[in-house]
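In the UniProt record's numbering, the protein residues as written are 1 to 100.
Remarks on the structure that follows.
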């Protein structure tokens, strides 16, 4: 987020433009283009998985629990850099690790 504006009736957030939209629609569009079950190649898949893992690790390091991670809440930006979004259900806290 670059900034925000507010008045009595309206709240606006100024954010980076993401040319590919969310990851869910990006994958659906790629599947239609390739006309197959596989929407992306394995290299892109592992790149995306690594980016999401790094993003979630960062959130954990600053004490944020996202609580709604899904392809619809991941934006695909310029250079296919993924951005975790929609923190409406997120909470500050720590993950509880349970073991026997």
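All C-beta atoms in this analysis are idealised placements derived from N, C-alpha and C, irrespective of residue type, glycine included.
Outcome for residue 22 when other beta-carbon atoms lying within 10 angstroms are tallied against a minimum of 16: Taking the chain shown and counting its residues from 1, the one referred to as residue 22 is at position 22. Buried.
Cβ of residue 93 within 8 Å of Cβ of residue 55? Along the chain shown, one-based indexing puts residue 93 at 93. Along the chain shown, one-based indexing puts residue 55 at 55. Cβ atoms of residue 93 and residue 55: not closer than 8 Å.
For residue 72, would you say it is in contact with chain B, using Cβ-to-Cβ distances shorter than 8 Å as the test? You won't find chain B in this structure, because it holds only one protein chain.
Measuring alpha carbon to alpha carbon, tell me which residue in 16, 10, 90, 82 is nearest residue 68. Along the chain shown, one-based indexing puts residue 68 at 68. Among 16, 10, 90, 82, the Cα nearest to that of residue 68 is on 90.
For residue 6 and residue 44, what's the separation of their Cα atoms in angstroms? Here residue 6 refers to the residue found at position 6 when the chain shown is read from its first residue. Here residue 44 refers to the residue found at position 44 when the chain shown is read from its first residue. Between residue 6 and residue 44, the C-alpha separation is close to 39 Å.
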